[in-house]
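*Asks:* Before anything else, here's the structure in question.
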Amino acid sequence: MGNESVRKFADRLAQLSAYGTEAYPLNVRRRLKIMNVTAYVIALFTLVYAIQQMFLDFQTWKPVIIINLVMAAVALTVPFLHRYGELVGASVILVSELAGIFLLTSYLGRNSGLHIQYFAAPAAFFVILGLERLKLIVLAVAISFALYLGAWLLFLESAEGFKISDADEAAHHAMAVATTFCVISIVLFYAFRQVEQAEAQTDALLHNILPGTVVNQLKEEPDATIANEFEEASVLFADIKGFVSLAKDLGPARTVALLNTIVRAFDELADRWGVEKIKTIGDAYMAAAGLPVPAANHADRIAGMALDMIDAAARISKEHDIDIALRVGIASGPVLAGVIGAKRLIYDVWGDTVNLASRLENLSRPHAILVSELTQMRLGDSYRLEPNGSIDVKGYGVVHTWFLQGRRTTDSRTAIPANDERETPRSATAGDAAARSSA
């Protein structure tokens, strides 16, 4: 119950911080959320000031109490002002706070320490306005500094007729210091929290596009050329036979919805079997096992995924009342892999093994998986394979192929973890490959 209450409270705070920011782009929303939190903190401390002063002497402190209440009310309106523009709330609270602190110091004098709160302004300005408005930030900081100096030089004592005891003066000074520390700390905390959340979102996006090891390498060496040679891996191609005519019958909306369902199902299978999705091109799906982290059981992983893909296609066919004639080709052997492009990066694979897998997919039958000779050898006796004889493959001549029909054992249709730590073959870098070629 305690954890649930904390979670609900945190959710409520998150909703309050996001109020009025929904219509803005993500980067602006982050700043406005910090502005909202800052406004709430200012309102809280200003109300504490007002309540504290009410218990001293209401008639004497009446103008100070009114100023504090006005400042608190203005701060609480900030989330509602975002609808008029992203700078409206910032401008209103800027004028309110800078003018309000100056007026309060004119009543209570510089020994009250209220003007110390101007020190919190630069941190808030940088975070809330953003570095793209550096000139505006510099102007706001300069105004804050000028007002601080003015308050220090002009208000040596409390206003005439406004007597404040040493104890009350010390209490206000301590409160001003505490407010300044809290505002700076909370603004910076939320700013860093927003940065960390943005980095986490970026990392998640990168991990959806590139393998985890590649993402880590790019983060450490952004300009590095990422290219590796894998002595042995397995590559899978799959597509839907007759997809063009099927798409014409379904129409654009249903076609995209169907492809999305199929690809999502295949993506889940890739994660389950520890297989790396390479890319999709139209209705074609390409994946590889044994890279970017080498794995001795690459053929077993890719075969397990392929069998589940056939099952998934059959299930989706039944759900949508259409025939998804999935055909799959698998080949094993040496592969080159790396990241290409400066924009919309892609982790891609190349080599004869890749081309052979693509050819086998074209030669496969609907609802069937055609595999190369090396793949058949790596699968061994764990799978049921039907000889397909020798076929002439363009660019490869006569190739011995088999149709993968299923596993021999009934209890082994279990996915292999992506971090399976069986003995793995060595992967060679592109530099190693170049050295062997020159030799």
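Following numbering that gives the first Met the number 0, the numbering of the sequence shown begins with 0 at its first residue and continues without gaps.
Ideal placement from N, C-alpha and C gives every residue a C-beta, glycine not left out.
What you are looking at is a predicted structure, and each value in this text was computed from that prediction instead of being measured.
Beta carbon of Val186, beta carbon of Arg30: below 8 Å?
*Replies:* In the sequence shown, the residue the question calls residue 186 occupies position 187. In the sequence shown, the residue the question calls residue 30 occupies position 31. Taking 8 Å as the Cβ cut-off, Val186 and Arg30 do not qualify as a contacting pair.
*Asks:* Just the Cα atoms here: how many angstroms apart are Ala17 and Val194?
*Replies:* In the sequence shown, counting from the first residue as 1, residue 17 sits at position 18. In the sequence shown, counting from the first residue as 1, residue 194 sits at position 195. Near 16 Å, if we compare the C-alpha coordinates of Val194 and Ala17.
*Asks:* Could you tell me whether the Cβ atoms of Ile390 and Leu362 are closer together than 8 Å?
*Replies:* Within the sequence shown, the letter at position 391 stands for residue 390. Within the sequence shown, the letter at position 363 stands for residue 362. Yes; because the gap between Cβ atoms is below 8 Å, this pair is in contact.
*Asks:* For Pro386, which beta-bridge partners are listed by DSSP?
*Replies:* In the sequence shown, the residue the question calls residue 386 occupies position 387. Note: Pro386 sits in a beta bridge opposite Trp401.
*Asks:* With DSSP collapsed to three states, give me the class of Lys393.
*Replies:* Within the sequence shown, residue 393 is the residue found at index 394, counting from 1. Collapsing the DSSP output to three states places Lys393 in coil.
*Asks:* When you compare only the Cα positions, how much space is there between Ala177 and Met34?
*Replies:* Against the sequence shown, residue 177 aligns to sequence position 178. Against the sequence shown, residue 34 aligns to sequence position 35. About 19 Å.
*Asks:* Is Lys7 helix, strand or coil when you go by DSSP?
*Replies:* Residue 7 sits at position 8 when you count from the first residue of the sequence shown. In the structure shown, Lys7 sits in a helix (DSSP, three-state: H, G or I).
*Asks:* Using a Cβ-Cβ cutoff of less than 8 Å, which residues in the same chain neighbour Ile100 once the five nearest sequence positions on both sides are dropped?
*Replies:* As a working mapping, residue 100 is identified with position 101 in the sequence shown. If we look at Ile100 and ignore the five residues flanking it on each side, its Cβ neighbours are Leu113, His114, Gln116, Tyr117, Leu146 and Ala150.
*Asks:* Closer than 7 Å by C-beta to Pro386: which residues in its own chain qualify, once you throw out the five before and the five after it? Chain order, please.
*Replies:* Taking the sequence shown and counting its residues from 1, one reaches residue 386 at position 387. Here the set comprises Trp401.
*Asks:* So for Thr279, helix, strand or coil by DSSP?
*Replies:* Indexing the sequence shown from 1 puts residue 279 at position 280. Correct three-state label for Thr279: strand.
*Asks:* For the segment 88 to 141, list the alpha helix (DSSP H) runs that are entirely contained and at least 4 residues long, ordered along the chain.
*Replies:* 120 to 128
*Asks:* DSSP on Arg407, reduced to helix/strand/coil?
*Replies:* On the sequence shown, residue 407 is found 408 positions in, with the first residue counted as 1. Coil, per DSSP.
*Asks:* Between the C-alpha atoms of Arg326 and Gly337, what's the straight-line distance to the nearest angstrom?
*Replies:* Residue numbering aside, residue 326 sits at position 327 when the sequence shown is read from its first letter. Residue numbering aside, residue 337 sits at position 338 when the sequence shown is read from its first letter. Going from the Cα of Arg326 to the Cα of Gly337 covers about 27 Å.
*Asks:* Would you check if the distance between the CB atom of Ala264 and the CB atom of Ile323 is smaller than 8 Å?
*Replies:* Position 265 of the sequence shown, counted from the first residue, corresponds to residue 264. Position 324 of the sequence shown, counted from the first residue, corresponds to residue 323. For Ala264 and Ile323, no; Cβs fall outside 8 Å.
*Asks:* Put Pro291 into one of helix, strand or coil per three-state DSSP.
*Replies:* If you number the sequence shown from 1, residue 291 lands on position 292. Three-state DSSP puts Pro291 in coil, outside helix and strand.
*Asks:* Is the distance from the Cβ of Val234 to the Cβ of Val353 below 8 Å?
*Replies:* For the purposes of this step, residue 234 is taken as residue 235 along the sequence shown, with counting starting at 1. For the purposes of this step, residue 353 is taken as residue 354 along the sequence shown, with counting starting at 1. It is a contact, given that the beta carbons lie within the stated cut-off.
*Asks:* Are Thr20 and Arg28 close, meaning C-beta to C-beta below 8 Å?
*Replies:* Taking the sequence shown and counting its residues from 1, the one referred to as residue 20 is at position 21. Taking the sequence shown and counting its residues from 1, the one referred to as residue 28 is at position 29. Yes, the Cβ-Cβ distance between Thr20 and Arg28 is below 8 Å.
*Asks:* What separation, rounded to the nearest whole angstrom, lies between the Cα atoms of Phe79 and Val94?
*Replies:* If you number the sequence shown from 1, residue 79 lands on position 80. If you number the sequence shown from 1, residue 94 lands on position 95. One C-alpha to the other measures close to 17 Å.
*Asks:* On the DSSP letters alone, give me the boundaries of the beta strand (DSSP E) that Val274 sits inside.
*Replies:* To locate residue 274, count along the sequence shown from 1; it is residue 275. Per DSSP, Val274 belongs to no beta strand (DSSP E) and is neither H nor E.
*Asks:* Going by Cα to Cα distance, which pick from Leu97, Glu230 and Glu168 is closest to Gly108?
*Replies:* Translated into positions along the sequence shown, residue 108 becomes position 109. Nearest C-alpha to Gly108: Glu168.
*Asks:* Determine the direct distance from the alpha carbon of Asn67 to that of Glu96, and round the result to whole angstroms.
*Replies:* Mapped onto the sequence shown, residue 96 falls at position 97. Mapped onto the sequence shown, residue 67 falls at position 68. Rounded to the nearest angstrom, the two C-alpha atoms are 10 Å apart.
*Asks:* In angstroms with no decimal places, state the Cα-to-Cα distance between Ala13 and Tyr48.
*Replies:* The count along the sequence shown starts at 1 and reaches residue 13 at position 14. The count along the sequence shown starts at 1 and reaches residue 48 at position 49. If you take the alpha carbons of Ala13 and Tyr48, they lie about 26 Å apart.
*Asks:* Output the distance between the C-alpha atoms of Arg11 and Val274, rounded to the nearest integer angstrom.
*Replies:* Within the sequence shown, residue 11 is the residue found at index 12, counting from 1. Within the sequence shown, residue 274 is the residue found at index 275, counting from 1. Taking the CA atoms as reference points, Arg11 sits about 40 Å from Val274.
*Asks:* Does any CB atom of chain D fall closer than 8 Å to the CB of Gly337?
*Replies:* Given the protein chain composition of this structure (a single chain), no chain D is represented.
*Asks:* Does the distance from the C-beta atom of Val348 to that of Ala298 stay below 8 Å?
*Replies:* The sequence position of residue 348 within the sequence shown is 349, counting from 1. The sequence position of residue 298 within the sequence shown is 299, counting from 1. No; because the gap between Cβ atoms is not below 8 Å, this pair is not in contact.
*Asks:* Looking at the structure shown, is Thr413 part of a helix, part of a strand, or coil, going by DSSP?
*Replies:* Residue numbering aside, residue 413 sits at position 414 when the sequence shown is read from its first letter. A caution first: Thr413 carries a pLDDT of 48, below 50, which makes its placement in the model unreliable, though a value can still be read off. Of the three classes helix, strand and coil, the one that applies to Thr413 here is coil, per DSSP.
*Asks:* Can you check which of these residues, Val63, Ala123 and Asp310, is closest to Ala158 by C-alpha distance?
*Replies:* By one-based count along the sequence shown, residue 158 stands at place 159. The candidate whose alpha carbon is nearest that of Ala158 is Val63.
*Asks:* With a threshold of 6 Å on Cβ separation, who are the neighbours of Ser426 within its own chain once the five nearest residues in sequence on each side are excluded?
*Replies:* Within the sequence shown, numbered from 1, the residue matching residue 426 stands at position 427. Confidence is the limiting factor: at Ser426 the pLDDT is only 40, short of 50, which leaves the residue's position unreliable, though a coordinate-based value still follows. Only Asn227, Phe229 and Pro293 meet the Cβ criterion.
*Asks:* Would you grab the beta carbon distance between Ile301 and Ile277 for me? Rounded to a whole angstrom, and I think it's under 8 Å.
*Replies:* Counting from 1 along the sequence shown, the entry for residue 301 is found at position 302. Counting from 1 along the sequence shown, the entry for residue 277 is found at position 278. Not quite, the Cβ-Cβ distance comes to about 12 Å (not below 8 Å), so this is no contact.
*Asks:* Looking only at its chain, what residues have a beta carbon closer than 7 Å to the beta carbon of Arg82, apart from the 5 residues adjacent to it on each side?
*Replies:* Locating residue 82 in the sequence shown gives position 83, counting from the first residue. These residues qualify, in order along the chain: Gly19.
*Asks:* With which residues is Asp165 paired in a DSSP beta bridge?
*Replies:* Within the sequence shown, residue 165 is the residue found at index 166, counting from 1. Partner(s): none; Asp165 has no beta bridge.
*Asks:* By DSSP, does Asp347 sit in helix, in strand, or in coil?
*Replies:* The sequence position of residue 347 within the sequence shown is 348, counting from 1. Reduced to three states, the DSSP call for Asp347 is strand.
*Asks:* Quick check on Thr201: buried or exposed, where buried means 16 or more other Cβ atoms within 10 Å of its Cβ?
*Replies:* For the purposes of this step, residue 201 is taken as the residue at position 202 of the sequence shown. Burial call: exposed.
*Asks:* First and last residue of the alpha helix (DSSP H) that includes Pro62?
*Replies:* The residue given as residue 62 occupies position 63 in the sequence shown. Start and end: Phe57 to Leu80.
*Asks:* Given a cut-off of 8 Å on the beta-carbon distance, is the pair Ala313 and Leu268 in contact?
*Replies:* If you number the sequence shown from 1, residue 313 lands on position 314. If you number the sequence shown from 1, residue 268 lands on position 269. No, these two residues do not count as a Cβ contact at 8 Å.
*Asks:* What are the boundary residues of the alpha helix (DSSP H) that Leu235 is part of?
*Replies:* In the sequence shown, the residue the question calls residue 235 occupies position 236. Careful: Leu235 lies outside any alpha helix (DSSP H), inside the beta strand (DSSP E) at Ala226 to Ile239.
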